[in-house]
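Student:
What follows is the structure, encoded as structure tokens:
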């Protein structure tokens, strides 16, 4: 074991500041589903049997020997008390309700917004558009939708309390999509791609109009939860999907605007970068200091270190399948390599690539955590 | 390079449709037009494989091709046979409703001359087996994004074995997180995280089967 001289919070903050902590912090992302499955709960129970699930989550945290905190405290989300924050509600597919009982919560991508909505959003901004037209994408009465959002927020705040009482810090206070991710999810990838070619000016006008609402929504969520991280959900704008000219016009300028606004407010933007962003990495050098670039194993972490060293904190990226089908030795070996190379000089948080999978092997998750506690970066 | 091929390869939707309409109107051979469209799509596929193009261009060119085909197909004689290099069955496995990776792979395979029998998402092992038996396709491609999909992939391979057709069906699995250990667990012949590599593997399957 490495002699620890910092608290978990201090250690994580040192990494965000691209300073050298006492050891590399380790923050497996979203351990809820994995913990519940490990304790024998099926997908339906994970969603519906809250007390049992929360207990399982805590127990597994302890059995793993603890780690540097929870990025995401449970499965609930935070919503400001506005219809606009909960457009995704009809897209959630719940195990035992819409999916097989032992499945996991999934997002069913459908065409919720239509091309003409770009013009309405460009005129009204996102929040005013959603207040006026929510019936287009959710048939439930506004009062019911708002109640759902309030319930989710209250549970999220409860989850934070549970962890804090357990002596564990929670980091994420809010979560929003980038404008590109948002339209891609709610127009569908295919239709949105057509839009980029057929009506790019209208797409851009809508993005320009909604980005300020998204910035403010995140600030409001942080205020509601008292946590300082905002997860900026990104996947569809990277080089797996589009050339750099599209990235520059429809993704990068908004990422920059959002992160700069948040950092000014003392918020830590967690850029949740699913899929491959390797070609986009040079742009991230120009993010404001104080962001976290979190990768899911599709981006080359070692190239990320070369490009972002000394500038941005990097987080990731033990591949989900290595957690489910690898051995503890393989996990340990990969984590040690990450710590040696990406952890050198600070600015690194060891983590799972995206969420810890529901069927991860306990010993593999433990191997990741233990590696951070025992392996110092090679100098 | 013809005007039509150039328009397809450079993703100019309006121009492609204008050319196709005009040429059909002046009585040009629809089979020749079809060949040109396919040649254009093959170049798009090559550009994707070399990293010049990205998924966005694949999606958009696929849409343009589809629209061009909707103009050309009614003009084709009933007995016109579209040549393919091979047939394969594809789908996202049971319990997983993600379609992007599968659609990318299917699009690339079609551009490379495969006939893809796409069963969609959340496909049960029995449905894969039924389609493999009915079609006689020699390749099965299974996609999955979430780790529980690996169990469904394994169940599908088991079902193929049980049906007694495993020796004539090559199995490839794909998805952003698959690794060798997963291929081994599932009992597949190959795995890939890269659509372009997947095409090469499937072509190799066909080449070996033709020997």
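Chains as they are written, first to last, in my numbering: chain A, 6 to 384; chain B, 158 to 368.
By construction, the Cβ of each residue, glycine as well, lies at the ideal position given by its N, Cα and C atoms.
All values reported here derive from a predicted model rather than from experimental measurement.
Three or more C-beta pairs under 8 Å: does that hold for the region 269 to 285 of chain A against the region 344 to 356 of chain A?
Tutor: Too few Cβ pairs lie closer than 8 Å, so no.
Student: Does residue 222 (chain B) get closer than 9 Å to chain A when you measure Cβ to Cβ?
Tutor: Locating residue 222 (chain B) in the second chain gives position 65, counting from the first residue. So no, residue 222 (chain B) is outside the interface.
Student: So which of A:253, A:379 and A:195 has the shortest CA-CA distance to residue 215 (chain B)?
Tutor: What you label residue 215 (chain B) is simply residue 58 of the second chain in a count that begins at 1. Comparing Cα-Cα distances from residue 215 (chain B) to each of A:253, A:379 and A:195, the minimum goes to A:195.
Student: Using a C-beta cutoff of 9 Å, does residue 335 (chain A) count as contacting chain B?
Tutor: Start at 1 with the first residue of the first chain, and residue 335 (chain A) comes out as number 330. Judged by the 9 Å Cβ criterion, residue 335 (chain A) is in contact with chain B.
Student: Cβ atoms of residue 363 (chain A) and residue 109 (chain A): under 9 Å apart, would you say?
Tutor: Residue numbering aside, residue 109 (chain A) sits at position 104 when the first chain is read from its first letter. Residue numbering aside, residue 363 (chain A) sits at position 358 when the first chain is read from its first letter. In this structure, residue 363 (chain A) lies closer than 9 Å to residue 109 (chain A) by Cβ.
Student: Give, in chain order, every unbroken run of the alpha helix (DSSP H) that is at least 4 residues long and sits entirely within the region 284 to 342 of chain A.
Tutor: List check, alpha helix (DSSP H) in window: 286 to 289, 306 to 313 and 325 to 330.
Student: Kindly confirm or deny that the region 151 to 166 of chain A and the region 74 to 93 of chain A touch, where touching means at least three C-beta pairs closer than 8 Å.
Tutor: Judged by Cβ distances under 8 Å, the region 151 to 166 of chain A makes contact with the region 74 to 93 of chain A, as three or more pairs qualify.
Student: Quick check on residue 50 (chain A) - is its C-beta less than 9 Å from some C-beta in chain B?
Tutor: Here residue 50 (chain A) corresponds to residue number 45 of the first chain, with the count starting at 1. With 9 Å as the cut-off, residue 50 (chain A) does not count as an interface residue toward chain B.
Student: Just checking my contact of residue 243 (chain A) with residue 281 (chain A) at CB under 8 Å: how many whole Å lie between their CB atoms?
Tutor: Taking the first chain and counting its residues from 1, one reaches residue 243 (chain A) at position 238. Taking the first chain and counting its residues from 1, one reaches residue 281 (chain A) at position 276. Contact flag correct, Cβ pair sits at about 6 Å.
Student: If we cut at 9 Å on Cβ distances, does residue 246 (chain A) have a partner in chain B?
Tutor: Here residue 246 (chain A) corresponds to residue number 241 of the first chain, with the count starting at 1. It does: the Cβ of residue 246 (chain A) has a partner Cβ on chain B nearer than 9 Å.
Student: To the nearest angstrom, how far is the alpha carbon of residue 295 (chain A) from that of residue 14 (chain A)?
Tutor: Position 290 of the first chain, counted from the first residue, corresponds to residue 295 (chain A). Position 9 of the first chain, counted from the first residue, corresponds to residue 14 (chain A). Taking the straight line from one Cα to the other gives about 15 Å.
Student: How big is the Cα-Cα spacing for residue 209 (chain A) and residue 254 (chain B)?
Tutor: Mapped onto the first chain, residue 209 (chain A) falls at position 204. Mapped onto the second chain, residue 254 (chain B) falls at position 97. Distance between the alpha carbons of residue 209 (chain A) and residue 254 (chain B) is about 30 Å.
Student: Taking 9 Å as the threshold (C-beta atoms), are residue 360 (chain B) and residue 269 (chain B) in contact?
Tutor: Counted from its first residue, the second chain places residue 269 (chain B) at position 112. Counted from its first residue, the second chain places residue 360 (chain B) at position 203. Contact flag set, yes.
Student: Would residue 316 (chain A) and residue 290 (chain A) qualify as a contact pair, given that the criterion is a beta-carbon distance under 9 Å?
Tutor: Working through the first chain from its first residue, we reach residue 316 (chain A) at position 311. Working through the first chain from its first residue, we reach residue 290 (chain A) at position 285. The answer is yes: Cβ separation under 9 Å.
Student: Within the 9 Å Cβ cut-off, does residue 372 (chain A) reach chain B?
Tutor: Locating residue 372 (chain A) in the first chain gives position 367, counting from the first residue. It does not: the Cβ of residue 372 (chain A) has no partner Cβ on chain B nearer than 9 Å.
Student: Would you list, in sequence order, the uninterrupted beta strand (DSSP E) runs of no fewer than 3 residues that lie entirely inside the region 124 to 207 of chain A?
Tutor: Whole beta strand (DSSP E) segments, 3+ residues: 177 to 182.
Student: Hey, quick one: how far does the alpha helix (DSSP H) through residue 227 (chain B) stretch, first residue to last?
Tutor: Start at 1 with the first residue of the second chain, and residue 227 (chain B) comes out as number 70. Looking at the DSSP string, the run of the alpha helix (DSSP H) that includes residue 227 (chain B) is 212 to 229.
Student: Under 8 Å Cβ to Cβ from residue 176 (chain B), same chain only, skipping five residues before and after it: list those, please.
Tutor: Indexing the second chain from 1 puts residue 176 (chain B) at position 19. Cβ neighbours of residue 176 (chain B) beyond the five flanking positions: 160, 161 and 164.
Student: May I have the straight-line CA-CA distance separating residue 86 (chain A) from residue 230 (chain A), to the nearest angstrom?
Tutor: The residue labelled residue 86 (chain A) in the question sits at position 81 within the first chain. The residue labelled residue 230 (chain A) in the question sits at position 225 within the first chain. The alpha-carbon atoms of residue 86 (chain A) and residue 230 (chain A) are separated by roughly 13 Å.
Student: Going by DSSP, what residue range makes up the alpha helix (DSSP H) through residue 18 (chain A)?
Tutor: Looking up residue 18 (chain A) in the first chain gives position 13. Where residue 18 (chain A) is concerned, the enclosing alpha helix (DSSP H) stretches over 13 to 21.
Student: Beta-carbon of residue 159 (chain B) versus every beta-carbon of chain A: anything under 9 Å?
Tutor: Locating residue 159 (chain B) in the second chain gives position 2, counting from the first residue. Answer no: the Cβ-Cβ gap between residue 159 (chain B) and chain A never drops below 9 Å.
Student: Based on the DSSP secondary-structure assignment, which residues constitute the bridge partners of residue 277 (chain A)?
Tutor: Translated into the one-based positions of the first chain, residue 277 (chain A) becomes position 272. Partner(s): A:238 and A:299.
Student: Less than 9 Å between the beta carbons of residue 211 (chain B) and residue 246 (chain A), yes or no?
Tutor: Start at 1 with the first residue of the second chain, and residue 211 (chain B) comes out as number 54. Start at 1 with the first residue of the first chain, and residue 246 (chain A) comes out as number 241. Yes, these two residues count as a Cβ contact at 9 Å.
Student: Just to check my reading of the structure: residue 33 (chain A) and residue 346 (chain A) have Cβ atoms closer than 8 Å, yes? What is that Cβ distance to the nearest angstrom?
Tutor: Here residue 33 (chain A) refers to the residue found at position 28 of the first chain. Here residue 346 (chain A) refers to the residue found at position 341 of the first chain. Not quite, the Cβ-Cβ distance comes to about 20 Å (not below 8 Å), so this is no contact.
Student: Could you give the distance in angstroms between the alpha-carbon of residue 135 (chain A) and the alpha-carbon of residue 125 (chain A)?
Tutor: Here residue 135 (chain A) refers to the residue found at position 130 when the first chain is read from its first residue. Here residue 125 (chain A) refers to the residue found at position 120 when the first chain is read from its first residue. The alpha-carbon atoms of residue 135 (chain A) and residue 125 (chain A) are separated by roughly 10 Å.
Student: Whole angstroms are fine: how far does the CA of residue 293 (chain B) sit from the CA of residue 245 (chain B)?
Tutor: The count along the second chain starts at 1 and reaches residue 245 (chain B) at position 88. The count along the second chain starts at 1 and reaches residue 293 (chain B) at position 136. For residue 245 (chain B) and residue 293 (chain B), the distance between alpha carbons rounds to 9 Å.
Student: Out of B:243, B:322 and B:299, state which residue places its alpha-carbon closest to the alpha-carbon of residue 333 (chain B).
Tutor: In the second chain, the residue the question calls residue 333 (chain B) occupies position 176. Cα-wise, what sits closest to residue 333 (chain B) is B:299.
Student: Taking Cβ-Cβ distances below 8 Å as the criterion, which residues of the region 169 to 187 of chain B are in contact with chain A?
Tutor: Within the region 169 to 187 of chain B, the qualifying residues are 170.
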